[in-house]
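**Q** Chains as they are written, first to last, in this note's numbering: chain A, 1 to 649; chain B, 1001 to 1311; chain C, 2001 to 2219; chain D, 3001 to 3486.
(1) Given that residue 2107 of chain C touches chain A, what residues does it touch there, using C-beta distances under 8 Å?
(2) Cα-Cα, which of C/2039, C/2086, C/2021 and C/2024 is closest to residue 2010 of chain C?
(3) From the DSSP output, read off the bridge partner residues of residue 1249 of chain B.
(4) Can you list the residues of chain A that residue 2023 of chain C reaches, using a CB-CB cut of under 8 Å?
(5) With three or more beta-carbon pairs closer than 8 Å as the criterion, would you say the region 622 to 637 of chain A touches the region 1224 to 1244 of chain B?
(6) Which of helix, strand or coil does DSSP assign to residue 2090 of chain C?
(7) State the beta-bridge partners of residue 1055 of chain B as determined by DSSP.
(8) What in chain C is Cβ-close to residue 627 of chain A, meaning under 9 Å?
(9) Just to make sure I have the definition right: I need the residues of chain F whose C-beta is within less than 8 Å of the C-beta of residue 2166 of chain C. Which are they?
(10) Given a limit of 7 Å on CB to CB distance, which residues of the region 309 to 341 of chain A reach chain D?
(11) Just list the beta strand (DSSP E) runs in the region 3285 to 3366 of chain D, keeping only unbroken ones of 3 residues or longer that don't cross its boundaries, in chain order.
(12) Can you list the residues of chain D that residue 2198 of chain C reaches, using a CB-CB cut of under 7 Å?
(13) What separation, rounded to the nearest whole angstrom, lies between the Cα atoms of residue 2067 of chain C and residue 2033 of chain C?
(14) What residue range is occupied by the uninterrupted alpha helix (DSSP H) comprising residue 1092 of chain B?
(15) With 16 as the cutoff for other CB atoms within 10 Å, does residue 3018 of chain D come out buried or exposed?
(16) Write down every uninterrupted run of the alpha helix (DSSP H) in the region 227 to 279 of chain A whose length is 4 residues or greater and which is fully enclosed by it, in chain order.
(17) DSSP three-state label for residue 289 of chain A, please.
(18) Going by DSSP, what residue range makes up the beta strand (DSSP E) through residue 591 of chain A?
(19) Can you give the Cα-Cα distance for residue 3070 of chain D and residue 3314 of chain D, rounded to whole angstroms?
(20) For residue 3420 of chain D, would you say it is in contact with chain A, using Cβ-to-Cβ distances shorter than 8 Å as the test?
(21) Can you check which of these residues, D/3029, D/3316, D/3170 and D/3469, is closest to residue 3085 of chain D by C-alpha distance?
(22) Kindly say whether residue 3201 of chain D, judged by its beta-carbon, lies nearer than 8 Å to any beta-carbon of chain A.
(23) So the candidates are B/1016, B/1019, B/1006 and B/1028; which of them puts its Cα closest to the Cα of residue 1277 of chain B?
(24) Under 8 Å: do the region 28 to 38 of chain A and the region 125 to 140 of chain A share three or more Cβ pairs, one atom per stretch?
(25) Sorted by chain position, which residues of the same chain lie with C-beta nearer than 7 Å to residue 3480 of chain D's C-beta, five sequence neighbours on each side aside?
(26) For residue 2217 of chain C, which of helix, strand or coil comes out of DSSP?
(27) Does any CB atom of chain A fall closer than 8 Å to the CB of residue 1286 of chain B?
(28) Take residue 3159 of chain D as the anchor and find which of D/3322, D/3390, D/3183 and D/3239 has the nearest alpha-carbon.
(29) What is the rounded straight-line gap between the Cα of residue 86 of chain A and the Cα of residue 493 of chain A?
(30) Helix, strand or coil, according to DSSP, for residue 2059 of chain C in the structure here?
(31) Report the rounded CA-to-CA distance for residue 3250 of chain D versus residue 3467 of chain D, giving the unit in angstroms.
(32) Find the nearest neighbour of residue 2136 of chain C within the set D/3302, D/3171 and D/3121, judged by alpha-carbon distance.
(33) Do residue 2172 of chain C and residue 2054 of chain C have their C-beta atoms within less than 8 Å of each other?
(34) Per DSSP, what kind of secondary structure is residue 3125 of chain D in: helix, strand or coil?
(35) With a threshold of 8 Å between beta-carbons, can residue 2097 of chain C be considered close to chain A, or not?
(36) Whose C-beta lies closer than 8 Å to the C-beta of residue 2218 of chain C among residues of the same chain, with five residues either side of it excluded?
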């Protein structure tokens, strides 16, 4: 029992830290805030150790906080699944805490910095407790608290006007997700009679489908699945980078945790559930990466990639249910563990990417990648870290991204064991779309890394940039190290955990890669010409090579945009003006590419306008004089008399 | 121990034999255009010349430029372990997984594209942008082809595919013919042959692969050319082992290795001649007509799957 | 005895129709006091019929308060406001509101017929209750069809008379309650007239005038 | 015990007549008088709660004291107590800005204290007709309080309030008469006491009882701000001084809901309760819908808060309509939570009004910098009223929704979507207001300590209530629900 006390003692440090931060609002000096972040870092590490212990040795922890009233009590139960997710949250938030020791120094007044520190502490604590929740009341309680604190964090940088818009968008979407979750939980409560997460088998037919759909919609709004993803790019570009690292690295995973918790432990899923989750996963993966390709704001690009990776995780879950229904348990376990491993990997490399891009944005000052370039020579460490992140997100062999995508590929490839032909065709189409997504992801990150870090700087800010302080390098480098280690030793880890999967042993591959590199290097050292010199890049004879000759991000993604034109509905407008009126001597012109914001224009704005219209109509009915008021009550009374007279016999 | 012997023999054979086919294809194309063309061993001479030259780096380039040749060659050599040219060793954990084979090639392509961007010239940028577009569109086709192959042999390990193709010779199976057609199209795309991209030209509009290695010189260029030729050999080997596996031995005896190497060279020469003729008879497609070509390959492999499923 | 009550029913309905249509304020006050007088007479007649002492007390109370006191207060304030006539109508012209009034009577009759059978009343009492309720509804109509607040107050008083008539025929509340209801009515009316003074009066220095009326709370 | 209330009321009124020459001292004197008055009432209620064995009857059964009445008086007295503290600073500020004359101060405080006495006695009265009369008196007194600010549109607002409320109340007299006739028909002499009516609940004829219920409900609905009759509420809250709009929304609406709940306790025994509960549910949903939809385009802060009171009253009515014991337990808790949060909201709105001299959102610039405490109060209040965790409304809302889910799922979906709309409206308005930058320099109005202390107390109180649910309160609510016969 010692562990439970230790765990919840450490979790109680968060609110204390938050309280201290708020109380010393104005007076708090820099060292004071940094000491809080170091405290948070150590607490996160402690929680990481405890969760690893529970995850591996499968000891469940139970803890009743207190009984609020009647059937409502805040109680926690941590089993392997919850411990796994707590481990993810702990590791990522410890690195983010280290990173934000220096990062929060650059923004806002002392009071707002204290406020963000306090809110980050509460945000991390609420995520822990959502994952550890034992009954749906606690789950909802901390789920709301999580969205509330993250709403304040998104709103923390109040100087820019579009922060307000994105914070509003974010808040309404989270409220919508809570509404759907509440609907699902209450419907479950009416059947099972208790709020606990226990196996409910008495559901059937339409009711079960309704409960599943409301929960699925609730969780996918928070996870950013395609039709509900619209808040993600706005929230991430508006919030400071350490917060968007936490949000997209970890908060989205809490939604995935909720979905897995219900699929594994509460429901006995039907086949069509698997197919819907798979289809939603495929659509959000493909559209996520396609929209990422057109993005030139680094944070929005990474946000769309979170949508893509959430799509991949959903694919894994969908496959798990499909294989479960055809009772291929090995393949089902493979895809489930693949999905969970991808959640862990995505948390790692996405927060690594967000933190390193945060340092870049912090130094350059703008988020537009068209104004960056040549940063690898000026910010080598951040460059290397971003390279590690982009290599593992593009799923290249020795890294962890590859292993989890390989597991899901393996599940797709072995899907020919299923006898139902239509399912096989669906899975093969899924396989090709999945391959297309990972290839586009690779293309997108070549563009991102190439345009930001390589070649010549495109703006003065980029030219005079210098690398960030060592603390903002240590945090992400912990994540990078985890990426590589998890990649190479994945096979050993799985064997140790007891899952024998037909996975390639990446340690052997890594060793052979290393061995061959050394061999080739030696060969070149001995045989080839020793000296080398630097000279102008070849520009067909132009002497002064400047940065405007380089390939820009929009140039890089233009071929893909034209190929996927129907998805983007790209509109190319070119207008030229000439010196003479015969249109022969060209003066200047503007060429623009507009991509149509499908979801915003077609779904979100019409709904908002409709609601606005009704509310205008209803509220205008109130700004009238006394006679109309009396007329309202007169008609109401006459109607009432009519009804009672006729209906009630 | 046994595996290391296989690894040593296989990689050595690949390195030795692959430049031959590149110059062979050039020779065949020259004959079709009525000119004499370079000698068969021209690529060996070029590699030797390049090794002796000094390396020239652009002023803008960073460590990516220096790293990429080594990454390319290692990826290709490790990938060569996956495709047994002479004899099929008994499976070792991990070696032979189709996805790993494909993603090693993607890793090489990823870093080559980055190197293209690194020098800061427009050619490199255009080359890597088009390379990534083409690879993004062709990737699903490649996966479906190997999935179809896996479906036929119901395994996803290359070694098992080849060993089972030896036992039950596939030549007369209709699905095998469709698969080899799409494998041939993938070979053309991956090694940037004529319809997709022109390997010999330096005209910026037509070169994709060449544009990325424009900035390289000296030993780096040698490594890049070598890895390009190894990639071509590996893909040819996959096609050969699937369609005409009779030369491939099953256990490592001296005589069987010599026999299978001679047979492999013979089959590869025939295939290079076919490639040369195929290249000569086509003109380079416009970039945005390429997806229709890939749809053709996709159609072939998907019809194999349907054919296999519904039979 | 019953036909006397029927006559007074008709008279009461006539006063209600007059209140809806008449435009000059002073005649409105007179019609209102006549209406309360007629209701008081109906109460006395009922007293002779049933011998219930409470009815007599109610009749006296109505005459004192509604026939004399309230019109006096209203006239006094109306003089200061020198407002003679309320001509503007809204939503319903006088003819329209009369039509709606008759519709009200039918509606109330229709929906009440099922209910009051349970209370086993003879049809006179039932008819009296129906007229009482419809006069209340007509009073409400006056409120939202007339423009000036003074006429709205008269409408409100008419509604109150309707309820008094209704209670005469269904069941008289204990007298103590009736007295309290009347007191409360008087307070309400005085406050409404003070406020009406602010709205309808054409004199601009409103506040000084208003304070003179807070004479009850001497400085 | 009731005599104690009456005596303190009369003594305070007499003391009020003493004159003080200059205005400053008179304002403080009158204010401290009302503080004494409210704290005395609070003390009496608490002693009554602890000492007296409930229910006990006074003045030959016209007045009685049972746990439900004590609970409501407790809420009313605490709100009055806090607002009397608040009004000390607030009224002084009104006088400085000339919105209230010294002469009218006496009228203001007299009506204020009289209103408290009338409200308390209306909770304690056992007789339905007496309850109606006291309700009428509350309308009159609060109308006077609205009029004290010397502005023309205050008069219009007061008149609207008077007319809408009292015309509807007249119809409930008809209901009373019908009820009286029924009881007379049943047991010889008619009787309108709550407890006797509760005993005869099942004996009354069902169709006639529904008719009487609906008529009485019309009157109480007007007092509780239920939709067709709620129209006076936004105008009255917006125009009244903030201290008064606190009383209007936290206390007077509760009196209306108290009447409806008592009535429903009787209806519950009657065989016709099924149709009555459907009527209540329909009115509840209508209210929540109209209030939710008319919040989005609001430009005036106080009107926004008024509409949120209407929405919560509709939600409570919905809870009463469903009528299971558990849902009533949480409806009572919800009234307490709503009263506290509403007081906090109106207090901060009051300070903001004094700072910017207008309730419109676009005039409120640089809100956090100029009035930190008030803006935090407003922010936390809005979060609490939309039912986010750490605040009491979340718990009661979730539990009521649980019971609604058990009742019918489509109803649950409608209510959840409406709450989503409310949350959306609040956030849109709040973000727009908090992000507005000041174009010219505002001189920040130093809110008096007497205004800041109740605000801070309320913020802490809400946090405590949100997280910790005392067992004493649980038992009180339990035996209320039991005494109402559910």
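Note that the Cβ used here is the ideal one computed from N, Cα and C, for glycine as well. Computed from a predicted structure; not experimentally measured.
**A** Checking against the coordinates, here is how it stands:
(1) Position 107 of the third chain, counted from the first residue, corresponds to residue 2107 of chain C. Ordered by position in chain A, the residues that pass the 8 Å Cβ test against residue 2107 of chain C are 638, 641, 642 and 645.
(2) Counting from one through the third chain, the residue named residue 2010 of chain C turns up at place 10. In terms of Cα proximity to residue 2010 of chain C, the closest of C/2039, C/2086, C/2021 and C/2024 is C/2039.
(3) The residue you call residue 1249 of chain B lines up with position 249 of the second chain. Per DSSP, the beta bridge partners of residue 1249 of chain B are B/1087.
(4) Numbered from its first residue, the third chain carries residue 2023 of chain C at position 23. Going along chain A, no residue has its Cβ under 8 Å from residue 2023 of chain C, so there is no contact; the nearest lies around 17 Å.
(5) Contact fails between the region 622 to 637 of chain A and the region 1224 to 1244 of chain B, because fewer than three Cβ pairs, one in each stretch, are under 8 Å apart.
(6) Numbered from its first residue, the third chain carries residue 2090 of chain C at position 90. In the structure shown, residue 2090 of chain C falls within a coil segment according to DSSP collapsed to helix, strand and coil.
(7) Here the question's residue 1055 of chain B lines up with position 55 in the second chain. Residue 1055 of chain B pairs with A/532.
(8) Here residue 627 of chain A refers to the residue found at position 627 when the first chain is read from its first residue. Here the neighbours are 2090, 2091, 2143, 2144, 2145, 2146, 2147 and 2152.
(9) Of the protein chains in the structure, A, B, C and D, none is chain F.
(10) none
(11) For the region 3285 to 3366 of chain D, not one full-length beta strand (DSSP E) segment reaches 3 residues or more.
(12) As a first step, residue 2198 of chain C must be located in the third chain, where it is residue number 198. The contacting residues are 3155.
(13) Within the third chain, numbered from 1, the residue matching residue 2067 of chain C stands at position 67. Within the third chain, numbered from 1, the residue matching residue 2033 of chain C stands at position 33. One C-alpha to the other measures close to 4 Å.
(14) The sequence position of residue 1092 of chain B within the second chain is 92, counting from 1. Bounds of any alpha helix (DSSP H) do not take in residue 1092 of chain B, whose DSSP letter is neither H nor E.
(15) The residue labelled residue 3018 of chain D in the question sits at position 18 within the fourth chain. Label assigned to residue 3018 of chain D: exposed.
(16) 231 to 238, 241 to 246 and 252 to 261
(17) Your numbering for residue 289 of chain A matches position 289 in the first chain. Residue 289 of chain A: helix per DSSP, three-state reduction.
(18) Within the first chain, the letter at position 591 stands for residue 591 of chain A. Looking at the DSSP string, the run of the beta strand (DSSP E) that includes residue 591 of chain A is 586 to 594.
(19) For the purposes of this step, residue 3070 of chain D is identified with residue 70 of the fourth chain, where counting begins at 1. For the purposes of this step, residue 3314 of chain D is identified with residue 314 of the fourth chain, where counting begins at 1. Computed Cα separation, rounded: 23 Å.
(20) Position 420 of the fourth chain holds residue 3420 of chain D. Residue 3420 of chain D counts as touching chain A.
(21) Here residue 3085 of chain D refers to the residue found at position 85 when the fourth chain is read from its first residue. The residue with the shortest Cα to Cα distance from residue 3085 of chain D is D/3029.
(22) Numbered from 1 along the fourth chain, position 201 holds the residue referred to as residue 3201 of chain D. For residue 3201 of chain D, the answer is no, since every Cβ of chain A falls outside 8 Å of its Cβ.
(23) Numbered from 1 along the second chain, position 277 holds the residue referred to as residue 1277 of chain B. Minimum Cα distance to residue 1277 of chain B is reached at B/1028.
(24) no
(25) In the fourth chain, the residue the question calls residue 3480 of chain D occupies position 480. Taken in chain order, the residues that qualify are 3067, 3068, 3071 and 3332.
(26) Taking the first residue of the third chain as position 1, residue 2217 of chain C is located at position 217. Unreliable placement is indicated for residue 2217 of chain C, whose pLDDT of 43 sits below 50; no coordinate value is reported for it.
(27) Position 286 of the second chain, counted from the start, is the residue given in the question as residue 1286 of chain B. Residue contact with chain A for residue 1286 of chain B: absent (no Cβ-Cβ distance below 8 Å to any residue of chain A).
(28) Locating residue 3159 of chain D in the fourth chain gives position 159, where the first residue counts as 1. The closest CA to that of residue 3159 of chain D, considering only D/3322, D/3390, D/3183 and D/3239, is found on D/3239.
(29) Stepping through the first chain from its first residue, residue 86 of chain A is reached at position 86. Stepping through the first chain from its first residue, residue 493 of chain A is reached at position 493. Looking at the two C-alpha atoms, the distance is approximately 18 Å.
(30) The residue labelled residue 2059 of chain C in the question sits at position 59 within the third chain. In this structure, residue 2059 of chain C counts as helix in the three-state DSSP scheme.
(31) Numbered from 1 along the fourth chain, position 250 holds the residue referred to as residue 3250 of chain D. Numbered from 1 along the fourth chain, position 467 holds the residue referred to as residue 3467 of chain D. Straight-line Cα distance between these residues: approximately 22 Å.
(32) Within the third chain, residue 2136 of chain C is the residue found at index 136, counting from 1. Comparing Cα-Cα distances from residue 2136 of chain C to each of D/3302, D/3171 and D/3121, the minimum goes to D/3171.
(33) On the third chain, residue 2172 of chain C is found 172 positions in, with the first residue counted as 1. On the third chain, residue 2054 of chain C is found 54 positions in, with the first residue counted as 1. Yes; because the gap between Cβ atoms is below 8 Å, this pair is in contact.
(34) One-based indexing of the fourth chain puts residue 3125 of chain D at position 125. For residue 3125 of chain D, the secondary structure class from DSSP, reduced to helix, strand or coil, is strand.
(35) Residue 2097 of chain C sits at position 97 when you count from the first residue of the third chain. Closer than 8 Å: no.
(36) Position 218 of the third chain holds residue 2218 of chain C. Here the model assigns residue 2218 of chain C a pLDDT of 41, short of 50, so the residue's position is not dependable and the matter cannot be decided.
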